[in-house]
Amino acid sequence: MSKLNKVYKIETVVKFFTYWAGALAFIILLGKISLFYYLTSLILFLFSIFLEYKNIYLNRTFINISAILFIILKLFTFNLEALITSFLEILLFLLSLKFLENKKFRDYMQIYLLSVIIFAGSTLIFLDIIFLVYLFLYLIILNASIVFLTYYSQDPEMFLSEQILLKIFFKTSIIPLLAIPFTALFFIILPRTDFPLFGFLNKSIKAKTGFSENVKLGDVSEIQEEDLVVFRAKMVKINDDLLYWRGIVLDSFDGKNWFSSHKREDKENLELKGTSIIQTIYLEPYGDKYLFGLDKPYKIKYNIPFQNIQKRALTFFLPFPITSRIKYEVFSFLTPFIYESKINKDLYLQLPKNLSENIKNLAKTLQGTTDEETAKNILRFLKYGKYTYSLSNLPLSSNPLEDFLFKYKYGNCEYFASSMAILLRINKIPSRLVAGYKGGIYNEVGKYYLIRQKDAHVWVEAFIENKGWVRYDPTPPLGFQTYKNLKLSKLELLFETINYYYINLILNYDLKKQLSVIKSISIPFKIFNLKIHLKIESFLFSLIFILSILMSIFLIIYFLKISKIKREEKLIKEFLKILENKGYKKDPAEGLEEFVLKIKEKNLKLKAFNFVKIFEEIYYKDKCFDKEINEKLKALIKEIKNLKDTLKGG
Amino acid sequence: MLLAGIFGKKNISDLDLEIIFSEEIYAKKETFIKLKIINKKKYFPAFLIRVIMEDYKISLLSIYFEKEKTFTFSILPEERGFKYLKEIYLASVFPFNFFVRSKKLNKEFPYLVFPEPKKCNLFTYFGKKSKGEKDSEKIGSEGDLLSIKDYIEGTPIKYIHWKATAKTDKLKIKQLSDFSTQPFIIDLTKLNILNKEDKLSCATYLILEAIKKGIPVGLKTETKFYQPNLSHKHKLVLLTELALYE
């Protein structure tokens, strides 16, 4: 016997692909949203598959009400900051609810729409390359779903043989395959990280200029200059000498590496004086967690959920490396000093073991009468002495500091800063390294500074009694400037400016902005044009949201009620009421006809019987109660009512 | 979206239609029509094509085909004469049901509808005058032997062709021509039915019956005369004459 060609009902096929599309939404959101919402939605989704097998569907009204209730519930915990995650949670839940319904064409389309929005939303938080794989799969499945749904729409009773099914599937998959190049284009131009994605592609052995958590000496011989943009800082133009972008403070040195001990001081009693300046920073995902600010930053305003900014020695960092472009505001004082009453001197006087006697001796020769004088001596010795700046042929050494000071006498900023800090420490002056960026190109059009990886810099802070931490930059200025292109070509500038505005647009496009637009439209807000605190703002937002939801629920219930008391029921109610007024009360167990026939007044009886006849004809035969009949019956009721009046009158 | 549009357009492009009508179509009698959609695209199959003929309220749906797909459907012609299958549309919602793409086919398919055959008695209309005035040259008590065929149960013994039976070892029977096999001519001018259509219907019925029974039949109209004949071609000629009779 020949093998039978399997035949599938079109609806089964549509369901198969639709459930897969739903499943992919779950896969993509795994670990991206809160576990509670994820599991709830997942259980509903699995339950819907089970119900699908049993051919049971939940009532649509019930589902809609639960969806509304869920949204209300969600609003109580709605976090304006965690906007995307919150929305994804809502969407996933709605998606799983939708699966519980008896699905019609419209419902399938809604499911696809929800899943598309989930995928679109995920692009903003999903940063793994595997996303491309999911996206690819999703596009194929979505395409097949819609194509088969199209077939379903043409004939729900259609059956497809396995062979035809596969042919349609494969041949129509060309559509998403062709669409992928377009998608890829959007994938690149959409605001998302490019750092973690292609990071594995350019792991070169040579070091590059750039910011790093540690300062390592003697490990690399050459440093390449990196043109990558690290951040853009929108602010007024200031003197170039003041452009120190603080990133991290390094307090410990082991002879080769500088690192942060992460020792928290009990209390930072800082005091800053100087011109205050606000910068809006658009930080690229550069691979680390530090937030830069113009020296000395004292406050950072950053509204991203679940990521508390930590602060230490006027440096700010997030718990995790930054993986997508972010925007924050920095409040800084332009000052080389940090007044601090009490510091952990042991920490800032730490010296590596086996420190060479040569260095110790050198330090002694640079000692002045005061700490400040010593510091100036050291600065002068390094900055204006026999040392030159270089990024190439750096000493590869196990004793890099000594080799730099006495043998090679050239190096990059890390050597200069390390030397100064150590020389200070030997002289019992607490010191530390500050790593960040120096300089930047000011874009006159966009009014912002462009800071690239090649601007990475390390400088020193020394603790001088009565003055606090003082910034010293021992790197020779000439050397520092030689590797720096201070200007961009016109074309570069053009692209850079476009880029900036694009980033600005995307990063600024958030709900709060929208809200402010709404706010400026509505008059009461305009009158109330006070500075509304963020909390009030989000509260107002939630309030409006809740109110609108409540209003829609009210409207839904209202309409439901109206449609429930149908015309016919309204009519019969009125009819019975009139007769009751006349003294004829219908027994609940009595039939209408039976009741009417009991009426004694002949005229009334006739009219009432007439009414009942027409009514029963429509009502019990499930005929449509159209307007015409309705009018007719209404007229009859009126006649009956008037009849009573005439009797009375007579 | 753009791709969907391109695919949708491509899907209904380069499609051709062929229609095969049955040889004899009669008014008010359901007739089956074969419709063949031909896909002239080399690598692009035709998905979800709907053929719509508004005049006949016909809508045919093809799920998928690569080169060609044949449908059989029936129509009920209203009246005799030359008719056209036109206003044929090819439509498809492929690929995403966003919109219906349709294309009018610039082709007309003519077909001829013969008058509706209506039963009428030959003698009622021809009257008794024809009785005894047989034009037929074939006179014989049992008619002529037309053919010999296998025995069918219930055939009277007198029809058994003994000679052939003996030859073949199988019971064979004679098929004889009937008395009424004498050729006749239907004269439309003399057919006394007032309604023209009824007259044509009756004539059609008579021609069909006659030829079914093997009686050569001829036709006479005001302008034309056809000698009696039995051939299929002759039948079609007569019916065409009736179909187009003014």
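If you read the sequences in order, they're chains Y and P. Each residue of the first sequence is one higher than the one before, counting from 40 in this note's numbering. Each residue of the second sequence is one higher than the one before, counting from 80 in this note's numbering. Each residue gets a CB set at the ideal place from its N, CA and C atoms; glycine is no exception.
Where residue i sits in the DSSP three-state scheme
i, result
"Lys276 of chain Y", "coil"
"Glu50 of chain Y", "helix"
"Lys477 of chain Y", "strand"
"Phe359 of chain Y", "coil"
"Phe372 of chain Y", "strand"
"Ala106 of chain Y", "helix"
"Ala170 of chain P", "strand"
"Lys448 of chain Y", "coil"
"Asp277 of chain P", "helix"
"Leu463 of chain Y", "helix"
"Tyr341 of chain Y", "coil"
"Arg231 of chain Y", "Bear in mind that a pLDDT of 44 at Arg231 of chain Y, under 50, signals an unreliable position, so the model cannot answer this."
"Lys45 of chain Y", "coil"
"Thr423 of chain Y", "Thr is not the amino acid found at residue 423 of chain Y; the sequence shown has Tyr there. Coil, per DSSP."
"Ala282 of chain P", "helix"
"Asp146 of chain Y", "helix"
"Phe534 of chain Y", "helix"
"Tyr190 of chain P", "strand"
"Ser310 of chain P", "coil"
"Gly297 of chain P", "strand"
"Asp442 of chain Y", "helix"
"Phe84 of chain Y", "helix"
"Glu232 of chain P", "coil"
"Ile252 of chain P", "strand"
Close beta carbons around residue i, own chain, < 6 Å, minus the five adjacent residues each side
i, result
"Glu500 of chain Y", "Arg471, Val473, Trp508 and Arg510"
"Phe455 of chain Y", "Leu421, Pro513 and Thr514"
"Lys288 of chain Y", "Lys is not the amino acid found at residue 288 of chain Y; the sequence shown has Val there. The residues are Ala352, Thr354, Arg471 and Val473."
"Leu318 of chain P", "Phe193"
"Gly313 of chain Y", "Phe372, Leu373 and Thr374"
"Phe208 of chain Y", "Ala183"
"Ser87 of chain Y", "Phe138 and Leu139"
"Ala289 of chain P", "Val296"
Counted within 10 angstroms of its Cβ, other Cβ atoms place residue i as buried (16 or more) or exposed
i, result
"Thr57 of chain Y", "buried"
"Trp498 of chain Y", "buried"
"Met459 of chain Y", "buried"
"Ala106 of chain P", "buried"
"Gly332 of chain Y", "buried"
"Ser125 of chain Y", "buried"
"Ser291 of chain Y", "buried"
"His311 of chain P", "exposed"
"Ser39 of chain Y", "A question about residue 39 of chain Y goes unanswered here, because the residues of chain Y that appear run from 40 up to 689."
"Leu152 of chain Y", "exposed"
"Gly70 of chain Y", "exposed"
"Ala628 of chain Y", "exposed"
Cutoff 8 Å: residue i Cβ touching any chain A Cβ
i, result
"Tyr143 of chain P", "You won't find chain A in this structure, because its protein chains are Y and P."
Other residues of its chain near residue i: CB distance less than 8 Å, five sequence neighbours each side excluded
i, result
"Lys146 of chain P", "Ile117 and Asn118"
"Glu368 of chain Y", "Ile317, Gln318, Thr319, Ile320, Ile339, Lys340 and Tyr341"
"Val155 of chain Y", "Leu181"
"Tyr623 of chain Y", "Phe634, Lys637 and Ile638"
"Glu619 of chain Y", "Lys625"
"Asp277 of chain P", "Lys197"
Cβ neighbours of residue i in the same chain (closer than 7 Å, five flanking residues each side left out)
i, result
"Lys425 of chain Y", "Lys448"
"Phe614 of chain Y", "Phe650 and Ile676"
"Lys198 of chain P", "Tyr284"
| said: Three Cβ pairs or more, each shorter than 8 Å: is that satisfied between the region 61-79 of chain Y and the region 95-106 of chain Y? | reply: no
| said: Closer than 7 Å between beta carbons: that is the criterion. Which residues of the region 168-183 of chain P meet it against chain Y? | reply: Val172, Phe173, Pro174, Phe175 and Asn176
| task | Kindly confirm or deny that the region 89-107 of chain P and the region 183-191 of chain P touch, where touching means at least three C-beta pairs closer than 8 Å. | result | yes
| query | Looking at C-beta atoms only, is the number of pairs between the region 642-655 of chain Y and the region 82-92 of chain P that lie closer than 8 Å three or more? | reply | No contact exists between the region 642-655 of chain Y and the region 82-92 of chain P.
| query | Which residues, in chain order, does the region 189-216 of chain Y contribute to contact with chain P at a C-beta distance below 7 Å? | reply | Thr189, Tyr190, Ser192, Gln193, Asp194, Met197, Leu199, Ile203, Lys206, Ile207, Lys210, Thr211 and Ile214
| said: Taking contact to mean 3 or more Cβ pairs, one atom from each stretch, closer than 8 Å, check whether the region 356-364 of chain Y and the region 321-330 of chain Y are in contact. | reply: yes
| query | On the three-pair Cβ rule with 8 Å, is the region 269-285 of chain Y touching the region 481-491 of chain Y? | reply | yes
| message | Using a Cβ-Cβ cutoff of 8 Å, what residues of the region 84-106 of chain P are near chain Y? List them in chain order. | response | Per Cβ criterion, the list reads Phe86.
| field | Members of the region 103-127 of chain P near chain Y, C-beta cut-off 7 Å | value | Pro124, Phe126 and Leu127
| message | For the region 166-186 of chain Y, list every residue whose C-beta sits within 7 Å of some C-beta in chain P, in sequence order. | response | Ile185 and Val186
| field | Interface positions of the region 623-653 of chain Y facing chain P (Cβ-Cβ less than 7 Å), listed along the chain | value | Considering only beta carbons, no part of the region 623-653 of chain Y lies closer than 7 Å to chain P.
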